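**Q**
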Ligand SMILES: Cc1cc2nc3c(=O)[nH]c(=O)nc-3n(C[C@H](O)[C@H](O)[C@H](O)COP(=O)(O)O)c2cc1C
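Numbering (this note's numbering), first residue to last: 71 to 447.
(1) Helix, strand or coil, according to DSSP, for residue 83 in the structure here?
(2) Secondary structure at residue 106, three-state DSSP: helix, strand or coil?
(3) So which of 323, 122 and 340 has the shortest CA-CA distance to residue 367?
(4) Looking only at DSSP bridge pairs, what is residue 127 linked to?
(5) Can you list, in chain order, the residues of its chain whose CB lies under 7 angstroms from that of residue 357, leaving out five sequence neighbours each side?
(6) Measuring straight from C-alpha to C-alpha, what distance separates residue 64 and residue 418?
(7) Once DSSP output is grouped into helix, strand and coil, what is the label at residue 276?
(8) Does the Cβ of residue 444 have 16 or more other Cβ atoms within 10 Å, making it buried, or fewer, making it exposed?
(9) Measure the Cβ-Cβ separation of residue 52 and residue 429 and say whether it is below 8 angstroms.
(10) DSSP three-state label for residue 341, please.
(11) With 16 as the cutoff for other CB atoms within 10 Å, does residue 453 come out buried or exposed?
(12) Do residue 393 and residue 77 have their CB atoms nearer than 8 angstroms?
(13) Here's the rule: buried if 16 or more other CB atoms are within 10 angstroms of the residue's CB, otherwise exposed. What is residue 243?
(14) Using the C-alpha atoms, what's the distance from residue 405 back to residue 121?
(15) Let me make sure I understand the geometry here. Which of 133, 82, 89 and 92 has the alpha-carbon closest to that of residue 100?
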């Protein structure tokens, strides 16, 4: 393994120098204040992550509309809530002005819970299909949310087009809509590409990233060859992502799977290194397709004590630019600082699944092993 310590050294990310190549991935905590506003739980979690010294912190999925929440206590970005987000960014930057603080924007689509209105973008039946005019409106909502996020002081917005939510569902070969949002790769990429272009335009230097599931493990899903395809065949995703990269995506955060259906793809199981290696390969694939677009790799928590050396190896080989940690950032928000100064004191994620179970059961999310609600030590 290369011992160059690229992982923990300052790095250039677009035009910004960040303290290291470690990212805290978006992790829904289902703990917003009433009405979807920022509450105490967010101040605790993001305050700890700021103090923990991550190069990039991606704020958990925030809905662009109160009409489509995946969680009963999901966050919403709108004119009413923006002041809370501004106070959150201010408190983050007061602790740590060097790290990037990026908001993840989402529309839950068919995964909107019973308390809001589920819509599907394509595919079966179980939820009414959203109209083209509805998708135009979703695009505008993303633009408005990005403008509000920029005004709140975030460094950028990551469009959640992964894990089966509305924007990700549209990317699928299965998407046979007869309007501007279905059929050809350009049409399937239209919502995401236009939302990226809109986010980039909100102010110079505001980053517009995207998170995708490169392979979903579903028939006709992302990373298959056509509506009937099940096996992995990434050629279609290359064409779709070329449209998104062409719209100016500042980075691509590469994930996999749909947690509600193929959870082991998104969150590899303890003891199954193969799924983690697939994540490494997915990040490398996208990195090689678009050498000018930085790539954040996912699922590093699965690597436990080996994660940092895996990350160092992948970054040295230019298989990824940034290593993204989800569950580890809940287990120990101070992971980057400790990795550099006191590795023996890291609380490693045990991959117990406790945080995922809380989320699935619509409970506020915390690390159940270390009983930490984002506060930490
Ligand atoms: C409790 C929980 C909440 C999550 N919330 C989000 C989210 O808001 N947005 C997102 O893109 N991924 C979300 N994920 C997926 C993680 O970001 C990450 O991709 C996954 O946990 C695998 O990475 P890891 O092995 O580093 O944990 C969530 C995962 C968990 C367990």
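Where is the CB? At the ideal position from N, CA and C, for every residue including glycine.
What you are looking at is a predicted structure, and each value in this text was computed from that prediction instead of being measured.
**A** Let's see:
(1) DSSP places residue 83 within a strand segment (E or B) once states are collapsed to three.
(2) When secondary structure is reduced to three states using DSSP, residue 106 falls in the helix class.
(3) Out of 323, 122 and 340, 323 has the C-alpha closest to the C-alpha of residue 367.
(4) For residue 127, which the question treats as bridged, DSSP gives the partners 94 and 171.
(5) Its chain contains 365, 388, 389 and 390 as the residues whose beta carbon lies nearer than 7 angstroms to that of residue 357, once the 5 sequence neighbours on both sides are disregarded; these appear in chain order.
(6) Any question about residue 64 goes unanswered here, given that the chain covers just 71 to 447.
(7) DSSP, read as helix, strand or coil, puts residue 276 in coil.
(8) Because the pLDDT of residue 444 is 48, which lies under 50, any placement of that residue in the model is unreliable, and the number read from its coordinates should be weighed accordingly. Buried.
(9) Residue 52 lies beyond the residue range present for the chain, which begins at 71 and ends at 447; the question has no answer from this structure.
(10) Note: residue 341 maps to coil in three-state DSSP.
(11) Summary: the structure shown does not reach residue 453, with the chain confined to residues 71 through 447, and so no result is reported for it.
(12) Yes, these two residues count as a Cβ contact at 8 angstroms.
(13) Looking at its Cβ environment, which holds 16 or more other Cβ atoms inside 10 Å, residue 243 is buried.
(14) In a straight line, the C-alpha of residue 121 is about 10 angstroms away from that of residue 405.
(15) Per the C-alpha coordinates, the member of 133, 82, 89 and 92 positioned closest to residue 100 is 133.
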